[in-house]
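Per this note's numbering, the sequence shown starts with residue 462, numbered consecutively.
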Amino acid sequence: MSRAVAWLTEPVPRGRIAAFRTLVYLFVAADLVVFTPWVRHHASTPGDLYRPLLVGRLLHLPTPTPLLVHGIFWLLLAVSLAASTGRAPRALGWTVFALYFEWMVIAMSYGKVDHDRVGLLVALAALPTVGRARHGDPTRSEAGGWALRVTQIAVVCTYFLAAWAKLRFGGLDWVTSSVLARAIIRRGTDLADLIAGVPYLLILAQIGIMAFELTSPAIFFLDERWRNRAVAFFYSFHAVTFATITISFAPHLAALASFLALEKVRPVQWARGFLRRRRGQVEPHERPVV
């Protein structure tokens, strides 16, 4: 048990939490206006078409109205942008989670339920528990490690449980079915049309997808270098998916960044350094030694 707890709470730099927090909250704002703007259309959808998810029924969440939908949209947009600055991490963080949770219940209670939101929702629930974290802070935090670890587990579960669902409902015949062929017919790109013309390539792709999803938990047993390579493969998998059948999994990709050493990514600091060099200023370590 002690080893399991140590693994779940493996300390990480607070700077990594600050960077991941900024990324996640900025994505929430982008999600509202770029990836899921269609949710706002439910403001004018008849209430009798609303079939709340189980969690919505258990919590007795209200039937969406124009006031509720538009109110959540604008409030969540403002709060998520404020939360991305790292200020009031608990108050703003819990507010973002509650509002986005309700936004997702509204989005998914009229038919199809997307499975690319699990990791992001877990991240939004876990980040407020960490408290304050500054960009570039090397101080290690067990609370931060726990927040990232549970997000990582949710990310991997998205893959593994997707394979389990395929086997549960389609059986082993799924890998030799026409799933990808139908997807290409419905929403394929020119690249997908080229791939579809290669004999047996779609069947091999389905075998590869099943193997990849079933073995995804192995990422937790890799050292840092191979884990980074595995994450790069995960991202490339989704890049190919988008390039062929235009499915982006954008929320999942944001949560997938929990595996990365984001504290090393300092765009503001890089921009300041670039501007100093343009003005002829140099850092002490950049000065020539005479």
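Backbone N, C-alpha and C define an ideal beta-carbon position, used for all residues, glycine too.
query                                                                                                                                                                     : result
When the Cα atoms are used, what is the spatial distance from leucine 641 to alanine 666?                                                                                 : 8 Å
Can you pull the DSSP bridge partners for valine 473?                                                                                                                     : Ser602
Apart from the five residues on each side of it in sequence, which residues of its chain come closer than 7 Å, Cβ to Cβ, to alanine 722?                                  : Arg477
Count the other CB atoms, across all protein chains shown, that sit within 10 Å of the CB of alanine 704; report buried if there are 16 or more and exposed otherwise.    : exposed
Spatial neighbours of phenylalanine 715 within its chain, please: C-beta separation below 7 Å, excluding the five flanking residues on both sides.                        : First, the amino acid is wrong: residue 715 is alanine here, not phenylalanine. If we look at alanine 715 and ignore the five residues flanking it on each side, its Cβ neighbours are Leu484, Val485, Phe488 and Leu581.
Can you check which of these residues, Ala608, Ala467 and Ala644, is closest to leucine 717 by C-alpha distance?                                                          : Ala608
Compute the beta-carbon to beta-carbon distance between histidine 503 and tyrosine 571, rounded to the nearest angstrom, for a pair I have assumed lies under 8 Å.        : 7 Å
Just verifying my parser: in three-state terms, what is the DSSP assignment at leucine 565?                                                                               : Reading the sequence as shown, one finds methionine at residue 565 and not leucine. Residue state, collapsed to three classes: helix.
May I ask you to report which of helix, strand or coil DSSP gives isoleucine 668?                                                                                         : helix
Would the region 559-571 and the region 533-546 be scored as touching if the rule is three or more Cβ pairs under 8 Å?                                                    : yes
By alpha-carbon positions, which one of Lys573, Arg648, Ser463 and Ile680 ends up nearest to tyrosine 620?                                                                : Ile680
For valine 411 and threonine 612, which I take to be in contact (beta-carbon distance under 8 Å), what is that distance rounded to the nearest angstrom?                  : Absent from the structure is residue 411, since the part of the chain shown begins at 462 and ends at 751.
Measure the Cβ-Cβ separation of threonine 524 and glycine 508 and say whether it is below 8 Å.                                                                            : yes
With a threshold of 6 Å on Cβ separation, who are the neighbours of valine 616 within its own chain once the five nearest residues in sequence on each side are excluded? : Gly580, Ala716 and Leu717
Using the Cα positions of arginine 482 and leucine 633, report the straight-line distance between them to the nearest angstrom.                                           : 40 Å
Thinking just about the alpha-carbon of each residue, which of Glu563, Arg647, Ser639 and Arg643 is nearest to the one in isoleucine 668?                                 : Ser639
Buried or exposed for aspartate 684, going by 16 or more other Cβ atoms inside 10 Å?                                                                                      : exposed
Can you give the beta carbon distance from valine 473 to arginine 601, rounded, assuming they're within the 8 Å contact cut?                                              : 6 Å
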